[in-house]
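My numbering puts the first residue of the first sequence at 301, with every later residue one more than the last.
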Amino acid sequence: MLDLKFIREHPDLVKEGIKKKGDVDRIDDILKLDEERRLIIQKVEALKNKRNVVSEQIAEIKKAKQDASTLISEMNSVKEQIKDLDENLKKIELELNKLMLQVPNVPHPSVPVGNKPEDNQVIFSWGKINEVDFDLKPHWELAEKLDIIDFERGVKLTGAGFPLYKSEGAKLQRALINFFLDEAKEAGYVEVQPPLMVNASSAIGTGQLPDKEDLMYVIERDELYLVPTAEVPVTNIHRDEILSESDLPLKYCAYTPCFRREAGSYGKDVRGLNRLHQFDKVELVKFVHPATSYNELESLRSDAERLLQKLNLPYRVLLMCTGDMGFTQSKKYDLEVWSTGQKRWLEVSSISNFEAFQARRLNVRFKSEGSKPEYVHTLNGSGLALPRVVAAILENYQTPEGKIIVPKVLHKYTGFEVIG
RNA sequence: GGAGAGGUGUCUGAGUGGUUGAAAGAGCCGGUCUCGAAAACCGGUAUCCACUUUCUGUGGAUCCAGGGUUCGAAUCCCUGCCUCUCCGCCA
301 MLDLKFIREH PDLVKEGIKK KGDVDRIDDI LKLDEERRLI IQKVEALKNK
351 RNVVSEQIAE IKKAKQDAST LISEMNSVKE QIKDLDENLK KIELELNKLM
401 LQVPNVPHPS VPVGNKPEDN QVIFSWGKIN EVDFDLKPHW ELAEKLDIID
451 FERGVKLTGA GFPLYKSEGA KLQRALINFF LDEAKEAGYV EVQPPLMVNA
501 SSAIGTGQLP DKEDLMYVIE RDELYLVPTA EVPVTNIHRD EILSESDLPL
551 KYCAYTPCFR REAGSYGKDV RGLNRLHQFD KVELVKFVHP ATSYNELESL
601 RSDAERLLQK LNLPYRVLLM CTGDMGFTQS KKYDLEVWST GQKRWLEVSS
651 ISNFEAFQAR RLNVRFKSEG SKPEYVHTLN GSGLALPRVV AAILENYQTP
701 EGKIIVPKVL HKYTGFEVIG
C-alpha cells in the first residue's frame, strides 16, 4: 500500500509508476474519494465536538438538579446526524481502502521499463557452463535411476507436485537446508522457525489476501492458510509494532516448507522438480532503515549469490523490468541457475526491496529519539529454494556413468561424496 | 472438547454511566544534587486522523475487535477473537 498523502501530493509520479508496471490507474477515483472523505470528517468532527461540549453541560445541569430535557432533545438530532455521516464515511473509507490496495508500488528509477521477458536485464553472470562429450540427462531421469526421488509414489500419497525424497535424496535436502541456514547465520541473520499456517490477518499483511487467495492452500474449517513462503510468517513477526531505530536492521532467516497450489501450470515447466506444490526453502527477510534499503538489497543479493558460488553452480542475475516484477516490489532481482540437463535457466531466488509498501500494510514502524514513528523498509530474498538447486546439482554434477558428485561444501552435511 | 475467570498506556495495576487519555507505582528520558555514581527531589514520557500552522495550535478517535443502548460508555448489553485456571484428550 502506498501512502495516501504521497498520492495526494504526487499524483503524477504515482500514475507514471502504475503505467510502467502496466496496471490499471484508479488514482483519480482515489483522489475524489479522499476529498469526499475529508469533507465528511470535518463535518462529523464538528458535530462530535458539539456533542462532547453539550454532554458536559448536561452533566453540570444535572449535578445542579435542574432540568436538561431541552438540551437532551436537541442532542437527539445531532446524534442522528453523526450516525448518518459516520455511516457514509465508513462506506467511503471502505471503497477508498479497496482502491488503495489495488495501487501497485512505484518502481525505483533504476528499474528498466518493459513488460516482456526480454526486457529483464542480465546484469551479472557467474560460473562456467559445462561442455562435455557425453549425453547430459535431466534431473528427473537421474533421480529415478539413482532411486533418490520417487515422483510416482508422491502422486499416490498426495498428487502431482509432491515428491517423495528418499535415501541420499532425502539427506541431500537436509544437507542443503543446514548449509543455507549456517551460511545465513554467518551473514548475521537470526534463525526463526515460524508456524507453517497463518491466519487471515497475516496473509493480508504480506499481500496474499485478498487477491491471491488461489495461490494458497486454505484450511477452511479453522480459517488458516498454509504458508506459500516463509516470507508470510516472518514478515508478520513485527506487524503492528514500533521498533526502536537502534534495532535496525533486523535480519531473519527461516527454513520452511512452502505450499503452493500453482493452479494453471503445465508442460515442461512442471516436469520433475521444476515446479512443485510443496517444496523447501530458506528465506531471508530484513527490516531496515529507509535510508539504507538499497544498500541492503545489494547485500541481500550477495548473500544469496554466495550460496550458488560455494556450490559452484553457474548462474546469472536478472534485474527484473517494471512489468515483470510484481505488484509490491520497487526493485527485484532474480537469480537463475543453469540447468545443464534441460539446457535452460531456472529461477532459484527472487530478491526484492518493497520499500515501505509492505510496512505500511503491516504497520511496522521505527522510532528514533525525539522524532515521530516512521515506516521501515522491508526486503526479502530466497536463500535459496531447494528443488531447482537440487535439479541443478544433479544435472551439473553428473558423471558419464550417471553418478552424482556431491559439491564439496556439502560433504560435511551429507556424509557422502558421491551418489550412485 | 467441557466448566470457570479475564482482556486498561512500555510494564504492574486502580477504575461499574458525566473534567478518566485514563489514579498509583515501576521503567525510560531530561534536570537538580555529586569529584563521579547511587539515593533523594523536580519535570517529561502513546498512537492515528482532520483542520490550521510549520515555533506551534485546535478538534476528533483510540482502555482486545465489531455492533448496540444512552444527551453522554473504559464502565451497561450482544457477537467475535485472544489469554489464564480446572477437567478431558494427547506427541
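Ideal placement from N, C-alpha and C gives every residue a C-beta, glycine not left out.
query	result
So PRO590 and ALA484 are supposed to be a Cβ contact under 8 Å. How far apart are they, rounded?	The Cβ separation is near 23 Å, so there is no contact.
Out of LEU399, LEU371 and ASP386, point me to the one whose CA is closest to ARG338's CA.	ASP386
If you measure between the beta carbons of ARG575 and GLU583, is that distance less than 7 Å?	no
Which residues in the same chain have their Cβ closer than 8 Å to the Cβ of ILE504, if we skip the five residues on either side of it in sequence?	PRO510 and ARG661
DSSP three-state call for ILE392: helix, strand or coil?	helix
For the ligand MN, I want to know if GLN658 counts as a neighbour, meaning its beta carbon is within less than 6 Å of at least one of the ligand's heavy atoms.	As far as ligands go, the structure on display features none, and thus does not contain the ligand MN.
Give me the Cα-Cα distance between LEU608 and ASN397, rounded to the nearest whole angstrom.	42 Å
Rounded to whole angstroms, what is the Cα-Cα separation between LEU481 and SER668?	31 Å
Where does ILE449 fall in DSSP's three states?	strand
Would GLU513 be called buried (16 or more neighbouring beta carbons within 10 Å of its own) or exposed?	exposed
Which residue marks the beginning of the beta strand (DSSP E) containing ARG571, and which one marks its end?	Here ARG571 belongs to no beta strand (DSSP E), and DSSP marks it neither H nor E.
By DSSP, does GLN578 sit in helix, in strand, or in coil?	strand
Among the candidates THR529, GLY469, ARG665 and VAL413, whose CA atom is the shortest distance from the CA of GLY507?	THR529
When you compare the CB positions of GLU695 and SER639, do they come within less than 7 Å of one another, or not?	yes
Could I get the ranges of all uninterrupted beta strand (DSSP E) runs contained in the segment 468-508, with 3 residues as the minimum, in chain order?	490-492
On a CA-only basis, which of LEU710, LYS379 and ALA460 is nearest HIS577? Give me that one, please.	ALA460
How far does the beta strand (DSSP E) with TYR697 in it reach, from first residue to last?	Where TYR697 is concerned, there is no enclosing beta strand (DSSP E), given that its DSSP letter is neither H nor E.
How would you call THR622, buried or exposed, if buried means at least 16 neighbouring beta carbons within 10 angstroms?	buried
Please report the distance separating the alpha-carbon of ILE358 from that of ASN376.	13 Å
To the nearest angstrom, report how far apart LEU496 and LEU304 are at their CA atoms.	33 Å
Quick one, which of PRO417, GLN473, TRP440 and GLY720 has its alpha-carbon nearest LYS568's?	TRP440
Mind checking whether ALA604 and ILE537 have CB atoms under 7 Å apart?	no
Please state whether DSSP places LYS319 in a helix, a strand or coil.	helix
Count the other CB atoms within 10 Å of the CB of SER671; is the residue buried (16 or more) or exposed (fewer)?	exposed
Is the segment 609-619 touching the segment 421-440, taking contact as three or more C-beta pairs under 8 Å?	yes
At the level of alpha carbons, what is the spacing between LYS315 and LEU401?	15 Å
Taking the C-alpha atoms as reference points, what is the distance between ASN261 and ALA346?	The requested residue 261 is not part of the displayed model; the chain covers only 301 to 720.
Only counting the same chain, and skipping five residues up and downstream in sequence, which positions put a Cβ closer than 8 Å to that of VAL648?	LEU608, TYR615, LEU635, GLU636, VAL637, SER682, LEU684, ALA685, ARG688, VAL689 and ALA692
How many Å lie between VAL492 and ASP329 at the Cα?	42 Å
Going by the beta-carbon positions, is the gap between ASN405 and THR678 smaller than 7 Å?	no
Less than 7 Å separating the beta-carbons of LEU436 and GLY715?	no
Identify every residue that forms a DSSP beta bridge with ILE587.	One point to set straight first is that residue 587 is Phe, not Ile, in the sequence displayed. LEU550 and THR678.
Using beta-carbon positions only, say whether LEU515 and PHE559 come within less than 7 Å of one another.	no
Measure the alpha-carbon distance for LEU464 versus LEU399 and round it to whole angstroms.	43 Å
Let me make sure I understand the geometry here. Which of ILE341, VAL403, GLU380 and ASP384 has the alpha-carbon closest to that of ASP323?	VAL403
So for ASN420, helix, strand or coil by DSSP?	coil
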